[in-house]
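Have a look at the structure below before the remarks.
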Amino acid sequence: MILSDFDLRAYLKSGRLKVEPFDEKIIRENGLDLRLGGSYCKILDSNEILEISEGVDVSKYYKCYDSV
Numbered sequence: 001m002i003l004s005d006f007d008l009r010a011y012l013k014s015g016r017l018k019v020e021p022f023d024e025k026i027i028r029e030n031g032l033d034l035r036l037g038g039s040y041c042k043i044l045d046s047n048e049i050l051e052i053s054e055g056v057d058v059s060k061y062y063k064c065y066d067s068v
């Protein structure tokens with residue numbers, strides 16, 4: 001189901017939908033812009049094959065940043 005910004009505001013006001021922390025700026029025409037955390041990771045450029053076997057340290061394949 002796609003909700004309009006009007007519907008989203010009504011759901012939020014009635015408590016049927018809850019977003020924490022809430023900011024009015026996240027409401028768009030047909031959805032909400034949500035963030036899942038305060039940091040993100042970017043995969044580094046490499047010609048090496050990404051090895052994800054158990055016990056392998058994959059941190060050499062990406063760099064993490066704080067978005068705050």
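When you line the sequence shown up against the numbering used here, it's residues 1 to 68, in that order.
Note that beta-carbon positions come from the ideal geometry of N, C-alpha and C, so glycine has one too.
*Might you give, ordered along the chain, the residues of its own chain that have their beta carbon closer than 8 angstroms to the beta carbon of LEU17, omitting 5 neighbours on each side?*
In chain order, LEU8 and TYR11 place their CB closer than 8 angstroms to the CB of LEU17, counting only its own chain and leaving out the 5 sequence neighbours on each side.
*Between TYR40, VAL56, GLY15 and LYS13, which lies nearest to LYS63 when the distance is taken from Cα to Cα?*
Nearest option by C-alpha distance: TYR40.
*Round the Cβ separation of SER4 and GLU29 to the nearest angstrom and send it over; I've been treating them as touching at under 8 angstroms.*
Indeed they touch by this definition, with Cβ atoms about 7 angstroms apart.
*Of the listed residues GLU24, GLY15 and LYS42, nearest to LEU34 (C-alpha basis)*: The candidate whose alpha carbon is nearest that of LEU34 is GLU24.
*asked:* In the DSSP assignment, the beta strand (DSSP E) including SER39 goes from what residue to what residue?
replied: Here the beta strand (DSSP E) through SER39 covers 39-43.
*asked:* So the candidates are ILE27, ILE43 and SER67; which of them puts its Cα closest to the Cα of LYS60?
replied: By alpha-carbon distance to LYS60, the top candidate from ILE27, ILE43 and SER67 is ILE43.
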